[in-house]
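Encoded as structure tokens, the structure appears first; notes follow it.
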Amino acid sequence: MAERALRGTRLGATSYENDRNTDLAPRQEVTYDCPRGHRFSVTFATEAEIPTSWECRFCGDTALMVDGQQPQEKKAKPARTHWDMLLERRSMEDLEEVLAERLELLRARRKEEQEHLRAMTEQRRSA
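Counting from 431, one number per residue, gives the positions in the sequence shown under this note's numbering.
Here it is in structure tokens:
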């Protein structure tokens, strides 16, 4: 008989106990207003810390608590880029010197490679 009663059910997904003779924690409902005009309530325990903002269940925007304090915006530091950090360590004159040195090295390397290729092609022609 018990096998027939459980056939087709999701074991573990649903509780078959009833709520009789159980004491629920004291609760409170908090109402939130969405910037798009949606209003909804969320139930919290009375001892829970109530957030001032909540994601709107209709559109996903950030809804603010009705009759609550507005959340204070935190001061955000602007993102430091690689260029900003480089300028903290070196002056523009230093950077121009380093650039000139690196360009000189690259040009010298390219010149050596071209001379090597010319020498290789001359060897092939003479052989």
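Yeah, the Cβ is synthetic: ideal placement off N, Cα and C, and Gly gets one too.
| Query | Result |
| --- | --- |
| Residues of its chain near Val460, where Cβ-Cβ distance is below 7 Å and the 5 sequence neighbours each way are ignored | Ser471, Val472, Phe474, Ile480 and Met495 |
| Length of the line joining the Cα atoms of His468 and Ala493 | 8 Å |
| Local conformation of Val528 per DSSP, three classes | helix |
| Backbone CA spacing between Asp514 and Leu536 [nearest angstrom] | 26 Å |
| Cβ-based burial, Tyr462 [other Cβ within 10 Å; buried from 16] | buried |
| Beta-carbon proximity list for Cys489, same chain, < 8 Å, skipping 5 on both sides | Cys464, Arg466 and His468 |
| Those residues which DSSP pairs with Thr492 across a bridge | Glu485 |
| Range covered by the alpha helix (DSSP H) that runs through Asp514 | His512 to Arg519 |
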